[in-house]
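Numbered according to this note's numbering, the sequence shown spans residues 458 to 558.
Glycine included, C-beta positions come from ideal geometry on N, C-alpha and C.
Computed from a predicted structure; not experimentally measured.
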Amino acid sequence: GPVGQPGISIVLEPPAAPGCGITDDERRTIAEMMAKGTYAIILLATKDLDGTFELLQAGGAEVVQEPTEQPYGVRDCAVRDPAGNLIRIQELRRAVRRSQL
């Protein structure tokens, strides 16, 4: 992450990049999905998921999923931005060392 913010990382993946093994038809489909906002997903993290969710809900965000404990060990929620992109927000949790188990 940036200096002073080691917990932040941004990974950009170009959709349908040359050499990724998809057809021109598939590339067009991806471009159409991106234009509608149904292809991109943004994943963010917060220490206060409930508080963040309340702020988003109060601001009129389209709620896709309320805060939920997922079976794979993450607590998260999901909303859509005004362009229709899916934004998932997960709760940061303190790491547990084996010696603490």
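How would you write the range of the alpha helix (DSSP H) that R545 sits in, first residue to last?
One-based indexing of the sequence shown puts residue 545 at position 88. No alpha helix (DSSP H) holds R545; the beta strand (DSSP E) holding it covers 543-548.
Should V445 be labelled buried (16 or more other beta-carbon atoms within 10 Å of its own) or exposed?
Look at the range of the chain in this structure, 458 to 558, and you will see that residue 445 is not part of it.
Roughly how many whole angstroms lie between the Cα atoms of I544 and L500?
The residue labelled residue 544 in the question sits at position 87 within the sequence shown. The residue labelled residue 500 in the question sits at position 43 within the sequence shown. One C-alpha to the other measures close to 6 Å.
Local conformation of A488 per DSSP, three classes
Position 31 of the sequence shown holds residue 488. Helix.
Neighbour flag for T495 against chain B, beta carbons, 8 Å
Reference to chain B is not applicable here, since this structure consists of a single protein chain.
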